[in-house]
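Input: a single structure, listed below in structure tokens.
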Amino acid sequence: MWGLQRETSSSMYKRSSSRDYTPVIDAEDTSGLLPNDVNKAMETTNPPWLCSLPHVLVATISSFLFGYHLGVVNEPLESISSDLGFRGDTLAEGLVVSVCLGGAFLGSLFSGGVADVLGRRRAFQLCALPMILGAFVRSCCCCHLLLILECVSLSGVSNSLAVMLLGRFLVGTGMGLGPPVAALYVTEVSPAFVRGTYGSFIQIATCLGLMGALFIGIPVHNITGWWRICFWVSTIPAAALALGMFFCAESPQWLFKQGKIAEAEAEFERLLGGSHVKTAMAELHKLDLDRADEPDVVSLSELLYGRHSRVVFIGSTLFALQQLSGINAVFYFSSTVFKSAGVPSDLANTFVGISNLLGSLIAMVLMDKVGRRLLLLWSFTGMAVAMALQVGATSSYLPHFSALCLSVGGTLVFVLTFALGAGPVPGLLLPEIFPSRIRAKAMALCMSVHWVINFFVGLLFLRLLEKLGPRLLYSTFSTFCLMAVMFVKRNVIETKGKTLQEIEISLLAKP
């Protein structure tokens, strides 16, 4: 085993400073094998993927909650606006959607610091805190069991627009903390040969959350006050996340950064199996030596102007283009848009959810076969074509039925191709290309960009649709998709099949 020797002589690492490690090889471990035989065996054997799977599945519950809260106001929005007295006010309806995203922006700003200081597991549990506060206000007379539940706070009992917005904002802060931590955790605990597949689980869980929200919202038009149940029901998966994290492994990379070498070894053994611990620890040790001259504290100026500014720019731009493609406008307001086209909203939402899930499953199969970069190119190209179909559907020369088919078909193709690459790849690719020292804070910065643009898309979509019309608005979305294709071709590297340490070493070697 590789360990840390602070005061005893039994460990295999001697640490004289926070950046000074010297590996010592135990001759007994390799006495019966030649060094080349050992290296060859380790290079040709993949770790057992089942070891890390349960940890990844628990982490993706946060993505399920993320997707659920993104879509939970879609179907009930009309009922909410009617019950709370702002029906017909498109700006107020936009605020109900987008104030949650404003809270998410705030949560994402702190996610990097929280993940670096407290660790990945505690960060998952902490994302429940703002929602717990709302739940306590809502049900202060209930038992203290509520303290372990990630409730939907004030939203479920609000009797005015102001209270609804406050509840949604509190939920949003928890949502903002969850996604970057999920991306970090899944990337850091997954073996390299299935990291793309496991990363796709995040998108699949988000998709299932969206579908769950859509299906839960179906009775909202027939049962008075059902929209409150839509908010409350998320306590079940939230409790599973909070409790499940007690039994999950901590990120070995984070433990190593904290100087907890023995704990990092133990977690690598849980995640990769005992035969791969030495190789993983040796790679971390080599990176630590390569970064010996770098400060421990990561500043904002370093992210924006330092040696890693280019990868941070690539990450921020990918998330910006993802949102400017118009995808969340489809998710937030699909019920309203389909209803105006004469399509029953529950049927339309079902097809949207199925398209999203199908694309996510295809991405899961292809992620570690064709690679991240090619999936991004396919995805953004397909999205541009789908938006062009939407533009064509607005033509006055088409019969009504043909226009309706183009509109609905274009929406479904758009969602399908988004889930193929533009949805899952950025959250997986960025933790791969960010060096471990800046990974958490760089993800927080990029996710902040994501939430800012997401906020304004949710706030302004209906108003822009009224002012500009669907043809110009969808043409704008299609243009952003084509810009994304060109950006990916020029800037995105392929990372499939490489360990995080190999990717970082290769990037450090570049001038």
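157 is the number that my numbering gives to position 153 of the sequence shown; each next residue is one higher, with no gaps. Cβ coordinates follow ideal geometry from the N, Cα and C atoms, glycine included.
Does residue i pass the burial test, meaning 16 or more other C-beta atoms within 10 Å, or should it be called exposed?
| i | result |
| --- | --- |
| P348 | exposed |
| N226 | exposed |
| M215 | buried |
| T228 | exposed |
| G203 | buried |
| L370 | buried |
| E306 | buried |
| G372 | The question names Gly, yet the displayed sequence has Asp at residue 372. It is buried - the Cβ of D372 has at least 16 other Cβ atoms within 10 Å. |
| E576 | No statement about residue 576 is possible, as the shown extent of the chain runs from 5 to 515 and does not include it. |
| I240 | exposed |
| G111 | buried |
| L304 | exposed |
| S411 | buried |
| R314 | exposed |
| D120 | buried |
| K493 | exposed |
| R274 | buried |
| H526 | Nothing about residue 526 can be reported from this structure: the residues present for the chain run from 5 to 515 only. |
| S238 | buried |
| T64 | buried |
| T49 | exposed |
| F109 | buried |
Based on Cα-Cα distance, which residue from the options lies nearest to residue i?
| i | options | result |
| --- | --- | --- |
| W231 | F460, I457, L81, G396 | L81 |
| L393 | L476, I358, A423 | L476 |
| R199 | L276, F317, M168 | L276 |
| T321 | V489, Y478, K290 | V489 |
| L365 | V389, F205, A390 | F205 |
| V62 | V103, V193, T49, G180 | V193 |
| I525 | N78, L57, D87, L188 | No answer is possible for residue 525: it lies beyond the span of the chain, which begins at 5 and ends at 515. |
| Y72 | R467, A242, K264, S329 | A242 |
| A390 | P183, V417, A268 | V417 |
| V76 | I220, K261, L486, P52 | I220 |
| R441 | P51, W53, F272, L504 | L504 |
| S85 | P52, Q207, L165 | L165 |
| G98 | V461, T499, G116, R494 | V461 |
| G386 | R376, L362, A423, M368 | A423 |
| L380 | N360, P428, Y401 | P428 |
| S329 | K500, H454, C104, P184 | H454 |
| R124 | P183, V167, S482, L170 | P183 |
| K343 | L408, I265, T210 | L408 |
| G263 | Q207, H289, E506 | H289 |
| I331 | I507, F465, G117 | F465 |
| T421 | S482, F260, P51, L105 | S482 |
| L468 | L95, G501, N495, L433 | L95 |
For a test of the three-state rule: what should DSSP assign to residue i, helix, strand or coil?
| i | result |
| --- | --- |
| P430 | helix |
| Y401 | coil |
| H312 | coil |
| L169 | helix |
| A253 | coil |
| I358 | helix |
| W53 | coil |
| V301 | coil |
| K44 | Because K44 sits at a pLDDT of 45, beneath the cut-off of 50, its placement in the model cannot be relied upon, and the point is left open. |
| V473 | Going by the sequence as given, residue 473 is Gly instead of Val. Looking at G473 - three-state DSSP - the assignment turns out to be coil, as it is neither helix nor strand. |
| A487 | For clarity, residue 487 is Met in the given sequence; the question names Ala instead. The answer is helix: DSSP assigns M487 an H, G or I state. |
| Y25 | Below a pLDDT of 50, predicted positions are generally treated as unreliable, and Y25, at 40, falls in that range; the measurement from the model is reported next regardless. In this structure, Y25 counts as strand in the three-state DSSP scheme. |
| M285 | helix |
| C131 | coil |
| S66 | helix |
| R125 | helix |
| K445 | helix |
| D93 | coil |
| T503 | coil |
| S13 | For S13, the predicted structure reports a pLDDT of 34, less than 50, and the residue's modelled location is therefore unreliable. The matter cannot be settled from this model. |
Assuming the contact rule is C-beta atoms closer than 8 angstroms, residue i and residue j should be a hit. Round their C-beta distance to whole Å, please.
| i | j | result |
| --- | --- | --- |
| A324 | I497 | So it is not a contact: roughly 19 angstroms between Cβ atoms. |
| G519 | G89 | No information on residue 519 is available, as it lies outside the stretch 5 to 515 that the chain covers here. |
| M179 | F70 | 6 angstroms |
| L472 | S102 | With 8 angstroms as the limit, L472 and S102 do not qualify as a contact, their Cβ atoms being about 18 angstroms apart. |
| L246 | Q129 | As written in the sequence, residue 246 is Ala, which differs from the Leu given in the question. Going by Cβ atoms, the distance from A246 to Q129 rounds to 5 angstroms, so yes, they are a contact pair. |
| A127 | L181 | 7 angstroms |
| V419 | S479 | V419 to S479, Cβ: 19 angstroms. No contact. |
| S383 | A426 | 4 angstroms |
| A187 | P435 | 5 angstroms |
| S115 | M451 | 7 angstroms |
| M168 | V100 | 6 angstroms |
| A448 | L113 | 6 angstroms |
| L362 | I509 | Between I509 and L362 the Cβ distance is about 37 angstroms, and since that is not below 8 angstroms, they are no contact. |
**Asked** Could you give the uninterrupted runs of the alpha helix (DSSP H) lying entirely in the stretch 175 to 255, keeping only those of 4 residues or more?
**Response** Counting only runs of 4 or more residues that sit fully inside the stretch 175 to 255, the alpha helix (DSSP H) segments are 199 to 220, 230 to 236, 239 to 248, in chain order.
**Contained alpha helix (DSSP H) runs [length at least 4] in the stretch 370 to 427, N- to C-terminal order** = Complete alpha helix (DSSP H) runs here, min 4: 376 to 397, 404 to 421.
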